[in-house]
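Trainee: Dropping a structure here in structure tokens format, bear with me for questions.
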Amino acid sequence: DTAVSQTPKYLVTQMGNDKSIKCEQNLGHDTMYWYKQDSKKFLKIMFSYNNKELIINETVPNRFSPKSPDKAHLNLHINSLELGDSAVYFCASNLGGSSTDTQYFGPGTRLTVL
Amino acid sequence: AQTVTQSQPEMSVQEAETVTLSCTYDTSESNYYLFWYKQPPSRQMILVIRQEAYKQQNATENRFSVNFQKAAKSFSLKISDSQLGDTAMYFCAFHYGGATNKLIFGTGTLLAVQP
């Protein structure tokens with residue numbers, strides 16, 4: 002049983018399109034995250050949600066809009082895709098709040114913008 | 748602001764030998780957590796080991812152990828009896844909870860285990 006799942010695993014699209022990536026966790030965690038891994042493998046936090054409430058927004062362009070319909074799901078919608086958005090996007094989750102409990106990662110979504 | 752530095756972009760080790768990956772960090776916090784994550788070619792991020800800053804004892808997980816030096820802000824990972832399956836990118840990460848509940852990653856060390 003997959004703990005943190007993401008769909009799709011691969012996404013190839015044209016510049017200017019709008020796309021979404023979905024994430025689901027079945028761990029009962031309260032907090033979910035989106036991280037971006039660039040072409041040099043550097044990982045950086047984008048957003049975090051705790052129980053459907055936005056906690057962290059790390060100066061990400063407003064073309065990126067996370068949505069959490071419930072605490073088990075965190076989706077990432079990207080408008081007007083640009084070449085520089087090409088990256089691997091990871092979803093993660095943990096117990097959250099002030100907890101420093103381990104974060105568990107999904108398999109990643111490789112986004113390629115042509 | 749917290750920062751994490753991994754000064755070894757690439758390392759190589761022979762199968763069955765021991766290798767140590769370095770990590771230093773900068774923080775003014777006293778309570779925090781440190782992690783090593785492994786990312787094999789499959790790109791899955793896998794937790795290797797975790798250390799709580801308030802614990803003096805170094806964490807160990809089978810062939811993986813850390814050397815945590817709080818005063819020096821150093822957190823190195825030792826892999827004993829290296830196996831081919833250990834070939835991966837290794838990321839050191841810092842986690843301070845509270846409002847900034849996020850992982851801050853180093854730039855990674857690509858480890859190649861040679862047969």
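Chains as they are written, first to last, in our numbering: chain A, 2 to 115; chain B, 748 to 862. Ideal Cβ placement from N, Cα and C applies to all residues, glycine included. This structure is a prediction, so every number in the text was calculated from the model and none was measured.
1) For A:T113 and chain B, any beta-carbon pair shorter than 8 Å?
2) Please classify A:L84: does DSSP put it in a helix, a strand, or coil?
3) Which residues share a DSSP beta bridge with A:L115?
4) How is B:L831 classed by DSSP in three states: helix, strand or coil?
5) Confirm, please, whether the CB-CB distance from B:L824 to B:S793 is below 8 Å.
6) Do B:Q798 and B:Y772 have their C-beta atoms within less than 8 Å of each other?
7) At which residue ranges does the stretch 772-856 of chain B contain complete beta strand (DSSP E) runs of 3 or more residues, listed in the order of the chain?
8) Chain A partners of B:R797, CB-CB under 7 Å?
9) Throw me the rounded Cβ distance for the B:T856 and B:E776 pair, which I believe falls under 8 Å.
10) For B:F852, collect the residues of the same chain with a Cβ closer than 7 Å to its Cβ; drop the 5 residues on either side in sequence, then sort them by chain order.
11) Over the uninterrupted beta strand (DSSP E) stretch that includes A:F48, give me the two end residues.
12) Excluding the 5 residues preceding and the 5 following B:K785 in the sequence, name in chain order all residues of the same chain whose CB lies nearer than 7 Å to its CB.
13) In angstroms with no decimal places, state the Cα-to-Cα distance between A:G109 and B:Q791.
14) Less than 6 Å between C-beta atoms, sequence neighbours within five positions excluded: which residues of the same chain meet that for A:Y116?
Mentor: Reading it off the structure:
1) Working through the first sequence from its first residue, we reach residue 113 of chain A at position 112. Chain B, which has no Cβ nearer than 8 Å to the Cβ of A:T113, makes this no.
2) Along the first sequence, one-based indexing puts residue 84 of chain A at 83. In the structure shown, A:L84 sits in a helix (DSSP, three-state: H, G or I).
3) On the first sequence, position 114 is the one that residue 115 of chain A refers to. DSSP, once it has assigned bridges, lists no residue as partnering A:L115.
4) Residue mapping note: residue 831 of chain B aligns to position 84 of the second sequence, counting from 1. B:L831 falls in the helix class under three-state DSSP.
5) One-based indexing of the second sequence puts residue 793 of chain B at position 46. One-based indexing of the second sequence puts residue 824 of chain B at position 77. What sits at residue 793 of chain B in the sequence shown is Ile, not Ser. Their beta carbons are not under 8 Å apart, which means B:I793 does not touch B:L824 by this criterion.
6) Residue 798 of chain B sits at position 51 when you count from the first residue of the second sequence. Residue 772 of chain B sits at position 25 when you count from the first residue of the second sequence. No, these two residues do not count as a Cβ contact at 8 Å.
7) 780-786, 793-799, 811-816, 821-826, 835-843, 849-852
8) Here residue 797 of chain B is taken as the residue at index 50 of the second sequence, counted from 1. Per Cβ cutoff of 7 Å: T103.
9) Taking the second sequence and counting its residues from 1, the one referred to as residue 856 of chain B is at position 109. Taking the second sequence and counting its residues from 1, the one referred to as residue 776 of chain B is at position 29. Actually they do not touch by this definition, with Cβ atoms about 24 Å apart.
10) Here residue 852 of chain B refers to the residue found at position 105 when the second sequence is read from its first residue. Closer than 7 Å at Cβ, skipping near neighbours: V751, F838, A840.
11) By one-based count along the first sequence, residue 48 of chain A stands at place 47. Its beta strand (DSSP E) spans residues 44-51.
12) The sequence position of residue 785 of chain B within the second sequence is 38, counting from 1. So the list reads I793, V795, A835, Y837, once near-sequence residues are dropped.
13) To locate residue 109 of chain A, count along the first sequence from 1; it is residue 108. To locate residue 791 of chain B, count along the second sequence from 1; it is residue 44. Taking C-alpha positions only, A:G109 is separated from B:Q791 by approximately 7 Å.
14) The question about residue 116 of chain A has no answer here: the residues shown for chain A are numbered 2 through 115.
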